Every structure is written in C-alpha cells, then in structure tokens.
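S.K.: Residue numbers (the working numbering): 35 to 136. Below you'll find the structure I mean.
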C-alpha cells in the first residue's frame, strides 16, 4: 500500500467530520425519544472512529516504510558517488553496495 500524507490527512479529516455528525444525530434522536436509534448511531460512530484509528496506524507504518526505503536508496547512491569519486570501478561499487544492503 502506497499512500501520501495529504491523502491520509484528508481521510482523517473526513472521518472526524462523519463521527461529529453521527454524534449530533445521536443526540437529536435521544431528544426525540428514539433511544434505540441514538444508541445505534453512537455505536456506529465509535466503530468508525476505531476503524479510522486502525487505518491511520497502517498509513503511518506505510509512510515510515517508504521513508526508510528512500533513506537507504539515498545512502546507496551517496556511497556509489563517493566510491566513483575516489576512482573505484563498477565492480568495487557493486561489492560495496552488496555489503551495505539494498
């Protein structure tokens, strides 16, 4: 799963707005004497909030993974550049890259 921080933030904003609206509807239902409906709406809002929290956690883990991959790639490119600056040939560069990992 590849996500952007902007998309994750927008998703979180929409979920928070939905939970707020569902909570307002639950209060209105309670005022109208619809206790069962009010309870159902509160439960749905709670489930949505919990689901959004799980998605947010997965998104943050994916973004962290993307960052780590980009960081390693940058390190490898820097190492290759440095090795080529000191006159290492492609065989030496490849061997150094294999020692440092992907």
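Each residue gets a CB set at the ideal place from its N, CA and C atoms; glycine is no exception. None of the values given here were measured: they were computed from a predicted structure.
Rounded to the nearest angstrom, how far is the Cβ of residue 49 from that of residue 71, given a contact under 8 Å?
M.R.: Your numbering for residue 49 matches position 15 in the chain shown. Your numbering for residue 71 matches position 37 in the chain shown. About 21 Å separates the two Cβ atoms, so there is no contact after all.
S.K.: What are the boundary residues of the alpha helix (DSSP H) that residue 73 is part of?
M.R.: By one-based count along the chain shown, residue 73 stands at place 39. Run containing residue 73: 69-119, per the alpha helix (DSSP H) assignment.
S.K.: How many Å lie between residue 92 and residue 120 at the Cα?
M.R.: By 1-based counting over the chain shown, the position of residue 92 is 58. By 1-based counting over the chain shown, the position of residue 120 is 86. Whole-angstrom Cα-Cα distance: 42 Å.
S.K.: For the alpha helix (DSSP H) that residue 40 lies in, which residues bound it at each end?
M.R.: Here residue 40 corresponds to residue number 6 of the chain shown, with the count starting at 1. Counting along the chain, the alpha helix (DSSP H) containing residue 40 begins and ends at 39-65.
S.K.: Going by Cα to Cα distance, which pick from 106, 61 and 68 is closest to residue 137?
M.R.: No statement about residue 137 is possible, as the shown extent of the chain runs from 35 to 136 and does not include it.
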